[in-house]
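To start, the structure under review is shown below, and the notes come after it.
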Amino acid sequence: MSDPREWGFVADMNCSGSTTISDVWLWFKWLCFYPGDYLLYYLIHSRPEFAAFLEITCNNYGGVFSGIVVFVIIMAIRYPIDRYTNYHKKQITENQNVDCYYCKEKIKQNAKICFHCGHYQKKRIQWFNQYINHVATFISIFLLVVAYWQYNEAKKEREDAKKALEHA
């Protein structure tokens, strides 16, 4: 069984003879799907009967399974970070005062207008802080969609190659 996965980093990933912009996506794919592909490699080579039962072959590299593994890893990394940031957010209670964004005077945390300078408090900053924690989730979902798309493209190419071999 030949192993189509390039395990070492090569600048010319598509073997075109020169490094071009089309190699950038392949660098990203090489890096992001490496953990899942390594787990597939381990299953294929150390537990071939289990891999055969799950119908896992070397053609599954960079596919949905690798994307799911990356998603789980990102979530596992994100969980302690969220716990740490939420711990510090909980230290500020509603009774405590915070600084105004403009005049730096102390105002109540839930105040919409500073009574010292009259400025509205920036809600964009609060929105950004609230949703920045979900960036990893969106990246993971994007990677899963791209992995599924890549899997379907590779499947289509394999079927076309099989038809061409049968025709020849």
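For the sequence shown, numbering that gives the first Met the number 0 begins at 0 and goes up steadily by one. Here a beta-carbon is modelled for each residue, glycine too, at the ideal position from N, C-alpha and C.
Asked                                                                            : Found
Buried/exposed call for G16, threshold 16 Cβ in 10 Å                             : exposed
N- and C-terminal bounds of the beta strand (DSSP E) containing V97              : 96-98
Minimum Cβ-Cβ distance from E48 to chain C less than 8 Å                         : Considering every chain present, this structure includes no chain C. It has just one protein chain.
Three-way DSSP call (helix, strand, coil) for E93 in this model                  : At E93 the pLDDT is 47, less than 50, meaning the model places this residue with poor confidence; the figure from the coordinates comes in the next sentence. DSSP places E93 in coil when its eight states are reduced to three.
Start and end residues, beta strand (DSSP E) containing I112                     : Taken as a continuous stretch (DSSP letters only), I112 belongs to no beta strand (DSSP E), as it is neither H nor E.
Whole-angstrom distance between G61 and F8, CA atom to CA atom                   : 15 Å
Counterpart residues of K105 in DSSP-defined beta bridges                        : D98
Y150 in three-state terms, based on DSSP                                         : helix
Cβ-based burial, S139 [other Cβ within 10 Å; buried from 16]                     : buried
Supposed close pair D98, K105 - CB separation, criterion 8 Å                     : 7 Å
Reduced DSSP secondary structure (H/G/I, E/B, other) of T19                      : coil
Beta-carbon proximity list for L143, same chain, < 8 Å, skipping 5 on both sides : V63, G66, I67, F70
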